[in-house]
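Peer 1: One structure coming up, written as structure tokens, with questions to follow.
Take a look at the structure:
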């Protein structure tokens with residue numbers, strides 16, 4: 001298991017990887033989860049005037065609850081949880097426990113806890129405001145069930161050390177329209193089933209969330225009972241038509257695509273189901289996935305996080321495809337030091353060539 005200092009060092013490295021904006025958050029949360037331990041998280045993104053613009057939620061959270069929070073609770077002045085969140089973002093700007101202002105009994109009396117948080121066992125809560133200089137970016141809410149213990153002072157101190165690097169990662173430069181990098185793999189995926197009219201029949205857990213993110217649409221744009229809205233609906237209708245037309249020999253449009261935006265790298269493909277079965281209903285399966293560059297995937301790997309700092313540097317450079325000279329220049333060390341760290345890394349992983357390093361680090365410990 002990686003030590004706290006190793007995890008904080010890895011977070012600093014992740015923050016400087018150049019992932020577009022919000023795309024760094026899931027990987028950063030993985031590091032924070034190992035650092036202090038929590039069961040669930042919510043990020044509330046705001047603009048300069050503190051208006052809600054988007055949210056990050058785990059894949060298991062129903063988008064109907066996202067809409068309920070956005071439409072009914074976000075600006076509700078009489079809810080004590082909302083008031084505490086605003087105090088943290090607007091006032092103290094420091095990491096704090098919700099229980100420092102609102103006890104468990106008082107929290108359980110709020111309508112927000114009862115209708116939105118309780119179904120996901122979001123109990124003890126730590127609030128981390130994120131800013132880009134004077135500009136607010138988001139408020140991160142890390143939660144544990146009430147059956148566990150509240151966040152303790154040493155854990156708050158670790159989160160305070162992580163906070164400026166979360167700020168740096170989330171305030172990353174806007175993404176351009178570049179294709180996902182070739183050295184990338186799917187780290188999150190989902191599937192939607194559509195009927196012949198392009199209407200949604202079924203979706204796997206998190207698939208709608210992924211499609212909203214791929215289209216660059218905030219999760220708060222979702223409306224219960226009207227999930228086929230906005231750019232997401234337009235995309236899956238076009239893909240559905242293209243997939244069925246091509247499957248029956250009448251189409252030439254490839255039902256696939258990819259995009260890079262502030263949420264990360266995404267790809268999608270659609271396939272006709274039972275297109276040639278007489279009497280079968282027309283359905284299309286739409287696969288959507290979030291892809292992550294190979295170097296960024298390393299921050300999910302326990303083996304990588306347990307490496308000494310210099311060997312982590314070298315492993316990242318190898319994943320980026322950098323030469324010995326480029327690595328030495330980037331790290332400000334002699335090429336001989338790069339050779340020494342590389343040999344040590346090879347011995348540790350029992351590999352003999354650079355292209356095997358990332359695979360060895362990503363294997364389960």
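Residue numbers (this note's numbering): 1 to 365. Glycine included, every Cβ here is placed at the ideal spot set by N, Cα and C.
By how many angstroms is the C-alpha of residue 127 removed from the C-alpha of residue 159?
Peer 2: Against the chain shown, residue 159 aligns to sequence position 159. Against the chain shown, residue 127 aligns to sequence position 127. Going by the C-alpha atoms only, they are around 10 Å apart.
Peer 1: Over what stretch of residues does the alpha helix (DSSP H) that includes residue 30 continue unbroken?
Peer 2: Mapped onto the chain shown, residue 30 falls at position 30. 25-36 is the span of the alpha helix (DSSP H), which, as asked, contains residue 30.
Peer 1: Give me the Cα-Cα distance between residue 27 and residue 15, rounded to the nearest whole angstrom.
Peer 2: Numbered from its first residue, the chain shown carries residue 27 at position 27. Numbered from its first residue, the chain shown carries residue 15 at position 15. Distance between the alpha carbons of residue 27 and residue 15: 10 Å.
Peer 1: Following the continuous alpha helix (DSSP H) through residue 415, name the residue where it begins and the one where it ends.
Peer 2: The chain is shown only over 1 to 365; residue 415 falls outside these bounds and no answer can be derived.
Peer 1: What do you get for residue 55, buried or exposed, if any count of 16 or more other CB atoms within 10 angstroms of its CB means buried?
Peer 2: Numbered from its first residue, the chain shown carries residue 55 at position 55. When all chains shown are included, residue 55 counts as buried.
Peer 1: Check the DSSP bridge columns for residue 132 and list the partner residues they point to.
Peer 2: Taking the first residue of the chain shown as 1, we reach residue 132 at position 132. Answer by DSSP bridge pairing, in chain order: 135.
Peer 1: Using 8 Å as the threshold, is the segment 245-262 in touch with the segment 35-53, meaning 3 or more CB pairs across them?
Peer 2: Too few Cβ pairs lie closer than 8 Å, so no.
Peer 1: First and last residue of the alpha helix (DSSP H) that includes residue 6?
Peer 2: The sequence position of residue 6 within the chain shown is 6, counting from 1. Note, residue 6: alpha helix (DSSP H), 4-15.
Peer 1: Just tell me which of 344, 340 and 242 has its CA closest to the CA of residue 273.
Peer 2: Translated into positions along the chain shown, residue 273 becomes position 273. When each option's Cα is compared against that of residue 273, the closest is 242.
Peer 1: Give me whichever residues DSSP pairs with residue 285 in a beta bridge.
Peer 2: Within the chain shown, numbered from 1, the residue matching residue 285 stands at position 285. Answer by DSSP bridge pairing, in chain order: 193 and 271.
Peer 1: DSSP three-state label for residue 20, please.
Peer 2: Here residue 20 refers to the residue found at position 20 when the chain shown is read from its first residue. Coil.
Peer 1: Could you pull out every residue in the same chain whose Cβ sits closer than 7 Å to the Cβ of residue 307, ignoring the five residues on either side in sequence?
Peer 2: Taking the chain shown and counting its residues from 1, one reaches residue 307 at position 307. The beta carbon of residue 307 sits closer than 7 Å to the beta carbons of 315 from its chain, once the five residues preceding and following it are set aside; these are given in chain order.
Peer 1: Are the Cβ atoms of residue 20 and residue 261 separated by less than 8 Å?
Peer 2: Walking along the chain shown from the start, residue 20 turns up at place 20. Walking along the chain shown from the start, residue 261 turns up at place 261. Yes. Within cutoff.
Peer 1: Under three-state DSSP, which class holds residue 45?
Peer 2: As a first step, residue 45 is located in the chain shown; it is residue number 45 there, counting from the start. The answer is strand: DSSP assigns residue 45 an E or B state.
Peer 1: Measuring only the C-alpha atoms, how far is residue 122 from residue 335?
Peer 2: To locate residue 122, count along the chain shown from 1; it is residue 122. To locate residue 335, count along the chain shown from 1; it is residue 335. Cα-Cα distance, rounded: 50 Å.
Peer 1: Report all residues from its chain with a CB closer than 7 Å to the CB of residue 80; omit the five preceding and five following residues, and keep chain order.
Peer 2: In the chain shown, residue 80 corresponds to position 80, counting from 1. Closer than 7 Å at the Cβ level, and outside the excluded window around residue 80, lie 102, 106 and 110.
Peer 1: Residues in its own chain within less than 7 Å of residue 117 by CB, not counting five upstream and five downstream?
Peer 2: Position 117 of the chain shown, counted from the first residue, corresponds to residue 117. If we look at residue 117 and ignore the five residues flanking it on each side, it has no Cβ neighbours.
Peer 1: Thinking just about the alpha-carbon of each residue, which of 344, 32, 304 and 6 is nearest to the one in residue 155?
Peer 2: Position 155 of the chain shown, counted from the first residue, corresponds to residue 155. Nearest of 344, 32, 304 and 6 to residue 155, Cα basis: 32.
Peer 1: Using the three-state DSSP reduction, which class does residue 146 fall into: helix, strand or coil?
Peer 2: Numbered from its first residue, the chain shown carries residue 146 at position 146. Correct three-state label for residue 146: coil.
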